[in-house]
Structures are given as structure tokens and as C-alpha cells.
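*Asks:* Following this message is one structure expressed as C-alpha cells.
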Amino acid sequence: MKALPPSERREAKLRVQMIFQNPYASLNPRRKAADIVGEAPRVHGLVGGDLGTFVDEQFRRAGLDPALKHRFPHQFSGGQRQRIGIARALAVQPEFLVCDEAVAALDVSIQAQILNLFMDLRERLNLTYLFISHDLGVVEHISDRVAIMYLGRIVEEAPSEEIFARANHPYTQALLAEVPRIETTKRGFAAIKGELPSPLSPPSGCHFHPRCPHAMPRCRTEAPRLKVVAAGHKSACHLNDAAV
Ligand code: SF4
Numbered sequence: 004m005k006a007l008p009p010s011e012r013r014e015a016k017l018r019v020q021m022i023f024q025n026p027y028a029s030l031n032p033r034r035k036a037a038d039i040v041g042e043a044p045r046v047h048g049l050v051g052g053d054l055g056t057f058v059d060e061q062f063r064r065a066g067l068d069p070a071l072k073h074r075f076p077h078q079f080s081g082g083q084r085q086r087i088g089i090a091r092a093l094a095v096q097p098e099f100l101v102c103d104e105a106v107a108a109l110d111v112s113i114q115a116q117i118l119n120l121f122m123d124l125r126e127r128l129n130l131t132y133l134f135i136s137h138d139l140g141v142v143e144h145i146s147d148r149v150a151i152m153y154l155g156r157i158v159e160e161a162p163s164e165e166i167f168a169r170a171n172h173p174y175t176q177a178l179l180a181e182v183p184r185i186e187t188t189k190r191g192f193a194a195i196k197g198e199l200p201s202p203l204s205p206p207s208g209c210h211f212h213p214r215c216p217h218a219m220p221r222c223r224t225e226a227p228r229l230k231v232v233a234a235g236h237k238s239a240c241h242l243n244d245a246a247v
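Per my numbering, the very first residue in the sequence shown carries number 4; after that it's consecutive.
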């Protein structure tokens, strides 16, 4: 493969940015918010005019008042700090954002505001997100396509609606059964049995077999491959072979 020239390599790197789980730990406590947001675009020569005006625009786009830009991170609330993280990532005009548990550290009412901001920015700036989350309610709300992972392997992948309507893999089915819902009828909760094994020494065969209610002898020795089970829907489970 031909290597990109240094200037294009730099540009390619800027196209992918990251939003971190803990907005407090991911902002430099010694820098003012304006410096945090403005530094990368200044260093990469992305600011045509006045840097202050540019930073004000980034603040407004992330739903922050530019009058607060000379404050330090500890002078903001948790939701405002996450907005600074979003403004910092968007300031270099990325196309792709990796959002690693980006709302997990926030209060539930603030989570909704930040999720709405993510969706609004996706529409306005034509962004793509890789949104990593343990909260299936959040996943259903924001995702077009979902990949479920267990111990480092993708076990199921499908459009969001398909996963939530017709989960195929026993692990996905167990996860969805535990999602809290507002219902008038009583529901019993059955936790997935057993402890989560160490990812450093995962079980042989299907990693999920010690906890799976449908495990067969084959599951202990043979890792299932991700196979198409419906249009656009893949799952890694030997039960799908037995059904054929
Ligand atoms: S391959 Fe076997 S152990 Fe793994 S999820 Fe399917 S039935 Fe369960």
C-alpha cells in the first residue's frame, strides 16, 4: 500500500476524533476551556481568522455560552465538561467520532441533553459515530447498527431495530431481558448465571458456553463463526447450524 505524504497523513488523523468517558479526567485541569478547544485547530493551521471568534463558534455549536470560555474545567458542571470535550473534538472538523461510554459518567437528565446534542450534530455535520456503551437504552436511542461483544469477540451484529426486535444470540437475548421497562405487569429478573471470565484467559470454544443455558458439547471446543442469519443480521452461535 502506498504511504500518504506527511501533510495528508496529518489530515487523515484529524478525521477521527475521540470523546472520552470521564470528561473531568480527559480535560487538562491547568488549561482554560478556550485553550483546550482552540489548541489543536491552531497547531494544525485550521483557523483562518481570529482564534477567539473561532473558539466562540465551537462553544456555541456544543451548546456552551462563549462567555464561560476563560474558566478552568473544575468551574463547569459534568454536562458542560462533556460539551467542552465535544467542542474540542469537533474543532478539527472530523468525520468520525469514537464515543467511549460518552454519557456513562453523567446524571440521567444530563445524559438525555448530551445524547440529543450528539444526534443533532450528527445530522448537521454529517458525522459517523462509533458509540461504545453498556447502556442498551442509550444504544437503541442513538444507533443505526449495533454490534454486541462478549469477552472481546463480536457475537451479534445487525441494524438497531432488528437487534431489539429479533435478537438471535443467547447473550444478546439475556442482555435485552434485563433492560428495565415501564410495565404494569410484574416481571421476574434472571441474571446471567456465573461470573464473567477473565478476558486474559477466556473459556475455550464459545466464550459464552459456561454461562449459556443452551450450551452443547460442541460449544466447549469449537468457536462459532459470525454467520448471516437474516438480511443484514449476523450471529455467532452453533444453535443456528442446528436450526438449518
Ligand atoms: S455457541 Fe453454544 S454456548 Fe455459545 S451461545 Fe451458542 S449455544 Fe450458547
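All C-beta atoms, glycine included, are put in the ideal place defined by N, C-alpha and C.
1. When the Cα atoms are used, what is the spatial distance from Leu-1 to Gly-140?
2. If you measure from the CB of Leu-118, is any heavy atom of the ligand SF4 nearer than 6 Å?
3. Compute the distance between the beta-carbons of Cys-215 and Pro-162, then report whether it is under 7 Å.
4. Just to confirm my understanding: we take Leu-67, look at its own chain, exclude 5 residues before and 5 after, and list those with CB closer than 6 Å. What are they?
5. Going by C-alpha distance, which of Ile-135, Asp-53 and Asp-110 is nearest Ala-81?
6. Assuming Ala-90 and Phe-62 make a contact with CB atoms under 8 Å, what is their CB distance in whole Å?
7. How big is the Cα-Cα spacing for Arg-18 and Pro-44?
8. How would you label Lys-237, buried or exposed, when you count the other beta carbons within 10 angstroms and need 16 or more for buried?
9. Considering only residues of the same chain and omitting the five flanking positions on each side of Gly-197, which have a CB-CB separation below 7 Å?
10. For the beta strand (DSSP E) containing Ser-29, list its first residue and its last residue.
11. Verify the contact flag: Ala-218, CB atom, against every heavy atom of the ligand SF4, threshold strictly below 6 Å.
12. Quick check on DSSP: helix, strand or coil for Ile-39?
13. Tell me whether the region 131-146 and the region 92-107 touch, counting them as touching only if at least three CB pairs, one residue from each stretch, are closer than 8 Å.
14. Looking at Leu-154: is its Cβ nearer than 7 Å to the Cβ of Pro-220?
15. Have a look at Ile-113 and His-144 and give me their C-alpha separation to the nearest angstrom.
16. Does the separation of the CB atoms of Ile-166 and Ala-177 fall below 7 Å?
17. Let me know if Thr-224 comes out buried or exposed under the rule of 16 or more other beta-carbons within 10 Å of its beta-carbon.
18. Taking the beta carbon of Asp-147 as the centre, do at least 16 other beta carbons fall within 10 Å, making it buried, or is it exposed?
19. Helix, strand or coil for Cys-222? Go by DSSP, reduced to three states.
20. Does the Cβ of Asn-171 have 16 or more other Cβ atoms within 10 Å, making it buried, or fewer, making it exposed?
21. Where does the unbroken beta strand (DSSP E) through His-236 begin, and where does it stop?
22. I'd like to check one pair, Lys-35 with His-73: are the Cβ atoms closer than 7 Å?
23. Determine whether the beta carbon atoms of Asp-53 and Pro-69 lie at a separation below 7 Å.
24. Give the DSSP-derived three-state secondary structure of Thr-188 in the structure shown.
25. Taking the alpha carbon of Ala-28 as the point to measure from, which residue in Arg-84, Ala-37 and Leu-71 has its own alpha carbon closest?
26. Is it buried or exposed, His-137, if we count other Cβ atoms within 10 angstroms and call 16 or more buried?
*Replies:* On the basis of the supplied data:
1. Past the boundaries of the shown model lies residue 1; the chain is included only from 4 to 247, so the question cannot be answered.
2. Within the chosen limit of 6 Å, the ligand SF4 does not reach the beta carbon of Leu-118 with any heavy atom.
3. Not a contact, by the Cβ cut-off of 7 Å.
4. Contacts found: Arg-86.
5. For clarity, residue 81 is Gly in the given sequence; the question names Ala instead. Checked all of Ile-135, Asp-53 and Asp-110; the closest Cα to Gly-81 is Asp-110.
6. So it is a contact: roughly 6 Å between Cβ atoms.
7. CA-to-CA, the gap between Arg-18 and Pro-44 works out to about 12 Å.
8. Answer is buried; the Cβ neighbour count reaches 16.
9. Contacts found: Pro-213 and Arg-214.
10. Per DSSP, Ser-29 belongs to no beta strand (DSSP E) and is neither H nor E.
11. True, at least one ligand heavy atom lies under 6 Å from that Cβ.
12. Reduced to three states, the DSSP call for Ile-39 is helix.
13. Verdict: yes, contact present.
14. No. Outside cutoff.
15. Roughly 15 Å separates the two Cα atoms.
16. No Cβ-Cβ contact shorter than 7 Å links Ile-166 with Ala-177.
17. Exposed, since its Cβ has fewer than 16 Cβ neighbours within 10 Å.
18. By the 10 Å Cβ count, Asp-147 comes out exposed.
19. In this structure, Cys-222 counts as helix in the three-state DSSP scheme.
20. When all chains shown are included, Asn-171 counts as buried.
21. Note, His-236: beta strand (DSSP E), 236-238.
22. In contact: His-73 and Lys-35 (Cβ atoms closer than 7 Å).
23. No.
24. Thr-188: coil per DSSP, three-state reduction.
25. Of Arg-84, Ala-37 and Leu-71, the residue nearest in Cα terms is Arg-84.
26. Exposed.
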